[in-house]
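Which chain is which? The protein sequence lines are A and B, in order. Residue numbers are given in the numbering used here: position 90 of the first sequence equals residue 90, and the series is strictly consecutive. Take any residue in the second sequence, count from 1 to its spot, add 316: that is its number in the numbering used here. Idealized CB from N, CA, C, for every residue including glycine.
Protein chains: 2
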Amino acid sequence: MKHYIGIDLGGTEIKVGLINEQGVILHKDSFKTAGTLDGAGMVEYMATCARTVVERAKLSMKDVAGAGIGSPGLVNPITGQVRNVVNIPALNDVFLSPGLTKHLGVPTILDNDVNAMALGEMYYGAAKGYKDVVCLTLGTGVGGGLIFDGKLYRGACFTAGEIGHLSIDPDGLHCPCGNYGCLERYIGRDGIVTRFKTYKQKSIPTSIDRYLENGEITPKAISMAAGAGDALAIEVLAETGKLLGIALASLTNVLNPEVFVIGGGIANAGDLILGPARMELKKRAYTIPAEKVQIVQAKLRNDAGIVGSASLAVQA
Amino acid sequence: MKHYIGIDLGGTEIKVGLINEQGVILHKDSFKTAGTLDGAGMVEYMATCARTVVERAKLSMKDVAGAGIGSPGLVNPITGQVRNVVNIPALNDVFLSPGLTKHLGVPTILDNDVNAMALGEMYYGAAKGYKDVVCLTLGTGVGGGLIFDGKLYRGACFTAGEIGHLSIDPDGLHCPCGNYGCLERYIGRDGIVTRFKTYKQKSIPTSIDRYLENGEITPKAISMAAGAGDALAIEVLAETGKLLGIALASLTNVLNPEVFVIGGGIANAGDLILGPARMELKKRAYTIPAEKVQIVQAKLRNDAGIVGSASLAVQA
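Structure representation (structure tokens):
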């Protein structure tokens, strides 16, 4: 039986887990992202974290077939080099996966976290059994991962999948990226919260005040209010789904995928967003690919980082 | 030395050519699409056309490694079945490539004409040496073909590549497909000609009347007027390029291709369209993939159908 290490790299913590061939996590732990280490020190530290998790799972490195690292920011999956990770500057330009391959003695693959998540969902999550998969994560930003014919598609400079920067309106909201009408401006965290606040100021009744997080209106607060039947929260999520559906219709026509997997915090609102997205897609996309494609919620949730990262090693 | 037959199926004529491994056409001919034949008769007729071309090239079927058929409409490249070809109803539901495989004694591959063209441009045309290629044809409609990692990507129902139905404006021009703001409505033949006529009615001076085709303003007439320095024609082509660039910027962010190959009649206007498209792409897309991607004019021109179709057999 093969096992794979998944390392989910973050600015404040590194989550590490060991999965088996069924994608079941045998053990997982999280470690503080050690801020004072240099690049070489970080590589050693990550290797130690990985070995620790394998030991705590009562296995040895002999049982491990490979490791995967899911990283935020820009990476080169071919050379295994981190290019630009804003939160962990010590790692910039470090050859991370060759370093871990050496320290751990198993092939280690590096890729960005959204690509890792997409693979995880295909092997062990909501896209199991599919091979043409478009994965979106809705959070502060809107990210994406593309799987064609069962293989991760990374593009010419490994930047493919930036679905948050598909423009849905050429004269729409300005985006810091330079474009106008980027999907992320509408269905990213700020877009959703700003719309909610704007409507609230028009004195539309809402129970949102019961669900604030640290006194703030957040996507989670809107989700919870909507779940409890708040009409304005439901409306804002429906709008979000419709805007998502506009983009998914274009992607359906261009890519003809089997499934869209929608993850990230706000996706937990489920059909309150995905229902309107499905309707908008059906209205707008070509009938044949629209009838084929599913829009489903991501399944791996909190373990998406670990299982996704480990999946990079499964695909290798 | 291997040779490949390319069959470019059209409503009024079937163009057939024989290419060598360098993509050089050794002989080509065109045959009337025989309107009175049934499906089986059409298969036999097409096989005869193919054999005739091989003979006229002074070769025999022993020298032929495979054949490809590029067809308009909806096809199933896996079963080799034509699904819906409006101009040649006798072929609908016919297993075209298995029929030709049997008659010709060489593997025959069927795909739609835009996919065939994309492959042809990758093997022998403007995208030679590239492996992540997005191909667009600008004509009455706007079609597309996608090549990822050197392989044609067809999608879950073989409808991938409908770039003409990527929406660039959610409340834009209504499209018969049901969507709003489809790229095709702006840069397809009608979009270009309608914009030209609208501006002309505002008494903007133009020399277009010297270039009419059968008394009509056509994309070709606009191209020719622009080539001769007509300011309004140049403006309309620049607008067309800008609208194209808006879509290509989104595709650059989502797909991170190495090259966009732009074919079809209006693409012959070259940099009058492609220059503004490049500028718009650079303004709107992420810097890293935007610096990488090229926008180039298709190279195979009138032979795109034959060489493209033959390329289906090269890839097989």
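Check                                                                                                                                      : Outcome
Whole-Å CB distance - Gln22 of chain A paired with Ala126 of chain A, under 8 angstroms assumed                                            : Actually they do not touch by this definition, with Cβ atoms about 16 angstroms apart.
Sequence-distant residues of the same chain with beta carbon closer than 7 angstroms to Cys49 of chain A, five excluded per side           : Ile14, Val16 and Phe31
The stretch 133-153 of chain A contacting the stretch 98-107 of chain A, beta-carbon criterion three pairs below 8 angstroms               : no
Best match in B:Val401, B:Leu548 and B:Met595 for proximity to Thr328 of chain B [C-alpha to C-alpha]                                      : B:Val401
Ser265 of chain B, buried or exposed, once every other Cβ within 10 Å from all chains shown has been counted against 16                    : Within the shown structure, residues of chain B are numbered from 317 to 632, placing residue 265 of chain B beyond reach of any answer.
Interface partners of Cys493 of chain B on chain A, CB under 7 angstroms                                                                   : Tyr286
Assumed close pair Tyr440 of chain B, Leu616 of chain B - CB separation to whole angstroms, cut-off 8 angstroms                            : 7 angstroms
Cβ-based burial, Asp487 of chain B [other Cβ within 10 Å; buried from 16]                                                                  : exposed
Interface partners of Thr48 of chain A on chain B, CB under 8 angstroms                                                                    : Simply none; closest approach about 33 angstroms.
Where Lys131 of chain A sits in the DSSP three-state scheme                                                                                : coil
Nonlocal neighbours in the same chain, by C-beta distance under 7 angstroms from Gly421 of chain B, ignoring five residues either side     : Met377
Per-residue burial, Ala583 of chain B [other beta carbons within 10 Å of its own, 16 or more giving buried]                                : buried
For Ser60 of chain A, the three-state DSSP class (helix, strand or coil)                                                                   : coil
Presumed contact (8 angstroms Cβ cut-off) between Val570 of chain B and Gly73 of chain A, rounded CB distance                              : Not really, about 19 angstroms apart at Cβ, beyond 8 angstroms.
Neighbourhood of Arg600 of chain B by C-beta distance below 6 angstroms, restricted to the same chain and skipping five residues each side : Ala565
The stretch 271-288 of chain A / the stretch 487-502 of chain B touching (three or more Cβ pairs under 8 angstroms)                        : yes
Residue interval of the beta strand (DSSP E) (run including Leu74 of chain A)                                                              : Leu74 to Asn76
Candidates B:Val623, B:Ala537, B:Gly322 and B:Gly581: closest to Gly504 of chain B by CA position                                          : B:Gly581
Interfacial residues, the stretch 236-260 of chain A to chain B, with Cβ spacing under 7 angstroms                                         : Ile246, Ala249, Ser250, Asn253, Val254, Leu255, Asn256, Pro257 and Glu258
Neighbourhood of Lys513 of chain B by C-beta distance below 7 angstroms, restricted to the same chain and skipping five residues each side : Ile533
Residue range of the unbroken beta strand (DSSP E) whose run includes Leu412 of chain B                                                    : Element bounds for Leu412 of chain B: not the beta strand (DSSP E) but the alpha helix (DSSP H), Leu412 to Leu420.
Residue span of the alpha helix (DSSP H) that contains Gln315 of chain A, given as start and end                                           : Ala304 to Gln315
Per DSSP, cross-strand counterpart(s) of Ile323 of chain B                                                                                 : B:Val332 and B:Ile385
Residue-chain proximity (His103 of chain A, chain B), Cβ-Cβ < 7 angstroms                                                                  : no
Chain A contact residues for Asp506 of chain B, given Cβ-Cβ distances below 8 angstroms                                                    : Result: empty, since nearest Cβ-Cβ is about 19 angstroms, beyond 8 angstroms.
For Ala116 of chain A and Gly308 of chain A, the rounded distance between their alpha carbons                                              : 4 angstroms
Within chain A, partners of Lys536 of chain B - CB distance below 7 angstroms                                                              : By Cβ distance, chain A contributes nothing, its closest Cβ being about 27 angstroms from Lys536 of chain B, past 7 angstroms.
CB contact below 7 angstroms: Cys473 of chain B versus chain A                                                                             : yes
Contacts that Asp132 of chain A makes with chain B (C-beta to C-beta distance below 8 angstroms)                                           : Gly471 and Ala472
Closest residue to Asn403 of chain B among B:Thr424, B:Glu529, B:Thr349 and B:His481 (Cα-Cα distance)                                      : B:Thr349
Lys299 of chain A, DSSP secondary structure in three states                                                                                : coil
Through-space distance from Ser207 of chain A to Ala228 of chain A, alpha-carbon basis                                                     : 9 angstroms
Where Lys318 of chain B sits in the DSSP three-state scheme                                                                                : coil
Minimum C-alpha distance to Thr55 of chain A - residue among A:Gly191, A:Asn92, A:Ile5 and A:Ile273                                        : Per the sequence shown, the amino acid found at residue 55 of chain A is Glu instead of Thr. Closest option to Glu55 of chain A, Cα to Cα, is A:Ile5.
According to DSSP, residues forming a beta bridge with Gly263 of chain A                                                                   : A:Thr137
Val85 of chain A - DSSP class collapsed to helix/strand/coil                                                                               : coil
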